[in-house]
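Notes follow the structure.
Number of protein chains: 2
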Amino acid sequence: MFNCMMTKELDLIYQELAYNLALKGKISCYPNPAVGCLIVKEGQIISLGYHKFAGTAHAERDAVEKLQQAYPDTWQEKIAHAHVYVTLEPCAHYGRTPPCANLLADCKVAKVTYLSADTTDKVNGKGVKILREAGVEVEFVPWQQCLNLNKDFFALQAQADLPFIKVKIGASLDSKIALPNGNSKWITSLQAREYVQALRWQSDAILTSAKTLIIDQAKYNVRYEQLPQEVKNYLAVKDLKQPKVVIFDNSFLLTGQEEIFKHHQSQNLIIVSQKEHPLANKIPELNFVVGYNSHQKQDLEKILQILKQEYALANVLVETGSSLTNFFLEQKLFSQLHYFMAPKILGSGVQALATQEKFTQLEQCLTLNLLYQINLNEDNLYLVYEQK
Amino acid sequence: MFNCMMTKELDLIYQELAYNLALKGKISCYPNPAVGCLIVKEGQIISLGYHKFAGTAHAERDAVEKLQQAYPDTWQEKIAHAHVYVTLEPCAHYGRTPPCANLLADCKVAKVTYLSADTTDKVNGKGVKILREAGVEVEFVPWQQCLNLNKDFFALQAQADLPFIKVKIGASLDSKIALPNGNSKWITSLQAREYVQALRWQSDAILTSAKTLIIDQAKYNVRYEQLPQEVKNYLAVKDLKQPKVVIFDNSFLLTGQEEIFKHHQSQNLIIVSQKEHPLANKIPELNFVVGYNSHQKQDLEKILQILKQEYALANVLVETGSSLTNFFLEQKLFSQLHYFMAPKILGSGVQALATQEKFTQLEQCLTLNLLYQINLNEDNLYLVYEQK
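Top line first, the protein sequences correspond to chains X and U.
Okay, so the first sequence: first residue is 1 according to full-length UniProt numbering, each after it adds one.
Okay, so the second sequence: first residue is 1 according to full-length UniProt numbering, each after it adds one.
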């Protein structure tokens, strides 16, 4: 129908639309990968869908169900011979939902274009095989952006010594996290803070320092009502799990009277100190990691290993003050930097990123890759980076 | 064909695609507005286009010509009764190209949806009128994003005392413009620097301080070969105009031997100082603005007025060191902030944004609106803000 040039251009547009759909589900679909799907028939977009929440329809099924709702009688006819664009290889396993590869094969679509490979054991080519055996043409157009969106998913599926570590920062355009007087309420927008609640909800643990926890009187819990609506649409209050909290306290600042002790059960708190902590006698239900100096890279690595191996913390959110945050970055002990940037200029105040080392050459600096970006209300940008 | 829900969703997708097309032309279409156009027939995207360069086809014509090329014999039949999405009201005036409103009417399209109003005298409803009189259905769906993209265009069409002032900053993620030793080559990517060349090319003048000019040995000229390819595709070397350079030099640092004097004709340089400048005798072809203290807001405003009224500088790019840059921001004497952000963490060094005032409340800080964003190579973000 189209000449070749236009076909290629449209192909790119469809791929980009599928990616944009995937991105819409990213904050809520955890721990599943974010996936978007577009169904095109004779040059018309006939349906679209994305994965919204673990246990609900995958992107392909979401798109098919949407078509079913729109055309209860004729959807089968409409989808037959269609071209499906999907950002990840269709799944081949019976999880909480039946496999998407079978669904698409049953729908008799003509062609499936997928944009990133699902290398996890459950899929890894099996989806493609099901489709091909059913006579569906399958095309793989590897698109790094689609992989970048799910690096956390793939990392968490793989074996690793250390937890997957997300460092979270909320800062102004000039990279300040507080005014000179310490005032930081609020630099980022309400929606940005809702996203931080979602990051907590996604995490096995939040990692912080006793100092920050005391200064901020931080609770480090997930407040259901403050979660993004996309999450609340599917998450029942009763299903909300609180993350554990890991507290670095070499100086024995914690007394047991802090806010955190009121909002978490003692067995969900893990206190890390070089020498035995005085609270060990006072609150024996607490967990302690003793013997490591968190100010040294090797010891910090060891602590993180213990958190992964002894406490099964696979996914840790570093949400703390500027010095510990910067230590994680400087030591390159992080998987991703989740940077919320508000369109404000504070002019002076506490710098978000002020590492100890003084570089003389730009090549020495930490360089990052932008994995994905979500534009939030009030022009706050949610930027997710990894080390280059 | 579609039920209502899907139609609405597709409408939004088409609008967004038209916007994305407009954005593609933003860096090269100056001084014209950036416009994107999508043509949809019976649910199929049949063509797309955008305005690339002043004097070349407008977005609507670009899309029509693309269709003509693809279907030399049947394009008229294809476009008849189509639905056109365009980010700005179709033009009604004969400029270097005939009016787009007439073109679309002649093509017998069924409907035109436009996403922002062209309030300039030449159009201002006339495009809509031409279309309606030809029996074309016209729908206005105001979309702030499309207006935001062309704020510079609309501001430059209007009367104003002051020039349109773009402040340019190239910084790291932690908002540093140089390492502690002053090394800043290069924080931003090659493409970001090409975009800065394009900003210079778009400007009537570059404004800087003698100090920065001397330290950086800056030439402040446009280097044709370093312009973005999008610009070079249409701009002939011979048509490249160099911006004037305005130099603030209260301390009489300029000797006439600096690089800048080798790369600009003297009559294109404007030197601003409080007292009469010693170079006035030495190089009489230079321009001088004397009697104002650029460190005071009222005087700075007066200087800018003179630049606009006496030197006809309507569009000024502030591209200078951190203290003058910050003074413009602090005094709110700017129209837009053009912020190039590289995914690097310098950790220490010269802060891009370090205003003098110390705030105690976040409400006192400068808050910005993000107008638009272009993602450049090497994950550099080009963010364009205005004051909220």
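Where is the CB? At the ideal position from N, CA and C, for every residue including glycine.
**Request:** Could you tell me if threonine 94 of chain X is buried or exposed, where buried requires 16 or more neighbouring beta carbons within 10 angstroms of its beta carbon?
**Result:** For the purposes of this step, residue 94 of chain X is taken as residue 94 along the first sequence, with counting starting at 1. Note that residue 94 of chain X is tyrosine in the sequence shown here, rather than threonine. Burial call: exposed.
**Prompt:** For glutamine 361 of chain U, which residues in chain X fall below 8 Å Cβ to Cβ?
**Reply:** For the purposes of this step, residue 361 of chain U is identified with residue 361 of the second sequence, where counting begins at 1. Here the neighbours are Leu179, Asn183.
**Request:** Following the continuous alpha helix (DSSP H) through arginine 263 of chain X, name the residue where it begins and the one where it ends.
**Result:** Within the first sequence, the letter at position 263 stands for residue 263 of chain X. Looking at the sequence shown, residue 263 of chain X is not arginine but histidine. Note, histidine 263 of chain X: alpha helix (DSSP H), 259–263.
**Message:** In the DSSP assignment, the alpha helix (DSSP H) including glutamine 197 of chain U goes from what residue to what residue?
**Reply:** Numbered from 1 along the second sequence, position 197 holds the residue referred to as residue 197 of chain U. Run containing glutamine 197 of chain U: 190–202, per the alpha helix (DSSP H) assignment.
**Request:** Less than 8 Å between the CB atoms is what I'm expecting for proline 163 of chain U and leucine 88 of chain U, so what's the real figure, rounded?
**Result:** As a first step, residue 163 of chain U must be located in the second sequence, where it is residue number 163. As a first step, residue 88 of chain U must be located in the second sequence, where it is residue number 88. About 24 Å; that fails the 8 Å criterion.
**Request:** Determine the burial state of isoleucine 215 of chain X: buried for a count of at least 16 other Cβ atoms within 10 Å of its Cβ, exposed for fewer.
**Result:** Position 215 of the first sequence, counted from the first residue, corresponds to residue 215 of chain X. Isoleucine 215 of chain X comes out exposed.
**Request:** Kindly provide the ranges of any alpha helix (DSSP H) runs that are 4 or more residues long and lie completely inside the stretch 258–346 of chain U, ordered along the chain.
**Result:** 259–263, 279–282, 297–309, 322–330
**Asked** Going along chain U in order, which residues have a C-beta closer than 8 Å to the C-beta of alanine 354 of chain X?
**Response** Your numbering for residue 354 of chain X matches position 354 in the first sequence. Here the neighbours are Asp174, Gly347, Ser348.
**Asked** So is aspartate 152 of chain U buried or exposed if we call it buried at 16+ other beta carbons inside 10 Å?
**Response** As a first step, residue 152 of chain U must be located in the second sequence, where it is residue number 152. Its Cβ being crowded by 16 or more others within 10 Å, aspartate 152 of chain U is buried.
**Message:** For lysine 126 of chain U, report the span of its alpha helix (DSSP H) as first-last.
**Reply:** Translated into the one-based positions of the second sequence, residue 126 of chain U becomes position 126. From DSSP, the alpha helix (DSSP H) with lysine 126 of chain U extends over 126–133.
**Message:** Relative to the C-alpha of valine 141 of chain X, which candidate in X:Gln157, X:Gln76, X:Val167, X:Val84 has its C-alpha closest?
**Reply:** Here residue 141 of chain X corresponds to residue number 141 of the first sequence, with the count starting at 1. When only C-alpha atoms are compared, the closest one is X:Val84.
**Prompt:** Run through DSSP, which three-state label would residue 427 of chain U get?
**Reply:** Nothing in the structure corresponds to residue 427 of chain U, since chain U is present only between 1 and 388.
**Message:** Which of the three DSSP states is assigned to cysteine 37 of chain U in this structure?
**Reply:** Within the second sequence, residue 37 of chain U is the residue found at index 37, counting from 1. The answer is strand: DSSP assigns cysteine 37 of chain U an E or B state.
**Message:** When you compare the CB positions of alanine 57 of chain X and glycine 36 of chain X, do they come within less than 8 Å of one another, or not?
**Reply:** In the first sequence, counting from the first residue as 1, residue 57 of chain X sits at position 57. In the first sequence, counting from the first residue as 1, residue 36 of chain X sits at position 36. No, these two residues do not count as a Cβ contact at 8 Å.
**Message:** Tell me which residue opens and which closes the beta strand (DSSP E) that glutamate 89 of chain X is part of.
**Reply:** The residue labelled residue 89 of chain X in the question sits at position 89 within the first sequence. It is not in any beta strand (DSSP E) - glutamate 89 of chain X carries neither H nor E in the DSSP assignment.
**Message:** In the DSSP output, which residue or residues are listed as bridge partners for serine 172 of chain X?
**Reply:** On the first sequence, position 172 is the one that residue 172 of chain X refers to. Note: serine 172 of chain X sits in a beta bridge opposite X:Ala342.
**Message:** Using beta carbons (cut-off 8 Å, strictly below), is threonine 367 of chain U in contact with chain X?
**Reply:** In the second sequence, residue 367 of chain U corresponds to position 367, counting from 1. Chain X contact via Cβ: present.
**Prompt:** So is proline 284 of chain X buried or exposed if we call it buried at 16+ other beta carbons inside 10 Å?
**Reply:** In the first sequence, counting from the first residue as 1, residue 284 of chain X sits at position 284. Proline 284 of chain X comes out exposed.
**Prompt:** Would a C-beta distance cut-off of 8 Å place alanine 205 of chain U and valine 109 of chain U closer than the cut-off?
**Reply:** The residue labelled residue 205 of chain U in the question sits at position 205 within the second sequence. The residue labelled residue 109 of chain U in the question sits at position 109 within the second sequence. No, the pair does not count as a contact, with Cβ atoms beyond the cut-off.
**Asked** Touching or not, the stretch 329–344 of chain U and the stretch 356–371 of chain X, by the rule of three or more beta carbon pairs under 8 Å?
**Response** yes
**Message:** Between the alpha carbons of serine 203 of chain X and alanine 354 of chain X, how many angstroms are there, rounded?
**Reply:** As a position in the first sequence, residue 203 of chain X is number 203, starting the count at 1. As a position in the first sequence, residue 354 of chain X is number 354, starting the count at 1. Rounded to the nearest angstrom, the two C-alpha atoms are 26 Å apart.
**Prompt:** With isoleucine 27 of chain X and tyrosine 292 of chain X assumed to form a contact (beta carbons below 8 Å), what rounded beta-carbon distance in angstroms separates them?
**Reply:** Locating residue 27 of chain X in the first sequence gives position 27, where the first residue counts as 1. Locating residue 292 of chain X in the first sequence gives position 292, where the first residue counts as 1. At roughly 34 Å, the Cβ-Cβ gap does not stay under 8 Å, so isoleucine 27 of chain X and tyrosine 292 of chain X are not in contact.
**Message:** Just to confirm before moving on: does the CB-CB distance between cysteine 29 of chain U and arginine 61 of chain U stay below 8 Å?
**Reply:** Stepping through the second sequence from its first residue, residue 29 of chain U is reached at position 29. Stepping through the second sequence from its first residue, residue 61 of chain U is reached at position 61. Their beta carbons are not under 8 Å apart, which means cysteine 29 of chain U does not touch arginine 61 of chain U by this criterion.
**Request:** Determine the extent of the alpha helix (DSSP H) in which lysine 66 of chain U is found, giving its start and end residues.
**Result:** Translated into positions along the second sequence, residue 66 of chain U becomes position 66. Unbroken alpha helix (DSSP H) run through lysine 66 of chain U: 59–70.
**Asked** When burial is assigned at 16 or more other CB atoms within 10 Å of the CB, is valine 237 of chain X buried or exposed?
**Response** Here residue 237 of chain X is taken as the residue at index 237 of the first sequence, counted from 1. Counting Cβ neighbours within 10 Å, valine 237 of chain X comes out exposed, since fewer than 16 surround it.
**Message:** Considering only DSSP beta bridges, list what isoleucine 27 of chain U is partnered with.
**Reply:** In the second sequence, the residue the question calls residue 27 of chain U occupies position 27. Bridge partners of isoleucine 27 of chain U: none, in fact.
**Item:** tyrosine 234 of chain X - DSSP class collapsed to helix/strand/coil
**Value:** Here residue 234 of chain X refers to the residue found at position 234 when the first sequence is read from its first residue. In the structure shown, tyrosine 234 of chain X sits in coil (DSSP, three-state: anything other than H, G, I, E or B).
**Asked** Using a C-beta to C-beta distance shorter than 8 Å, which residues of chain X count as neighbours of leucine 10 of chain U?
**Response** Along the second sequence, read from residue 1 onward, the residue named residue 10 of chain U stands at position 10. The contacting residues are Ile45.
**Message:** I'd like the span of the beta strand (DSSP E) that includes isoleucine 45 of chain X, first residue to last.
**Reply:** Within the first sequence, numbered from 1, the residue matching residue 45 of chain X stands at position 45. From DSSP, the beta strand (DSSP E) with isoleucine 45 of chain X extends over 44–50.
**Request:** Report yes if the C-beta distance between alanine 210 of chain X and isoleucine 247 of chain X is below 8 Å; otherwise report no.
**Result:** For the purposes of this step, residue 210 of chain X is taken as residue 210 along the first sequence, with counting starting at 1. For the purposes of this step, residue 247 of chain X is taken as residue 247 along the first sequence, with counting starting at 1. Closer than 8 Å, so yes.
**Request:** For threonine 360 of chain U, count neighbouring C-beta atoms within 10 Å of its own C-beta (all shown protein chains included) and say buried if the count is 16 or more, exposed if not.
**Result:** The sequence position of residue 360 of chain U within the second sequence is 360, counting from 1. Threonine 360 of chain U comes out exposed.
**Residue(s) in a DSSP beta bridge with histidine 83 of chain X** = As a position in the first sequence, residue 83 of chain X is number 83, starting the count at 1. Paired residues: X:Val40, X:Lys111.
**Prompt:** Looking only at C-alpha atoms, which of X:Ala82, X:Asp73, X:Glu301 sits nearest to lysine 41 of chain X?
**Reply:** Within the first sequence, residue 41 of chain X is the residue found at index 41, counting from 1. Closest by alpha carbon: X:Ala82.
**Asked** For glutamate 386 of chain U, does the three-state DSSP call read helix, strand or coil?
**Response** Residue numbering aside, residue 386 of chain U sits at position 386 when the second sequence is read from its first letter. Three-state DSSP puts glutamate 386 of chain U in a strand.
**Asked** Is it buried or exposed for threonine 113 of chain U, if we count other Cβ within 10 angstroms and need 16 for buried?
**Response** Position 113 of the second sequence, counted from the start, is the residue given in the question as residue 113 of chain U. Buried: at least 16 other Cβ atoms inside 10 Å.
**Residues of the stretch 136–170 of chain U whose Cβ lies closer than 7 Å to any Cβ of chain X, in chain order** = none
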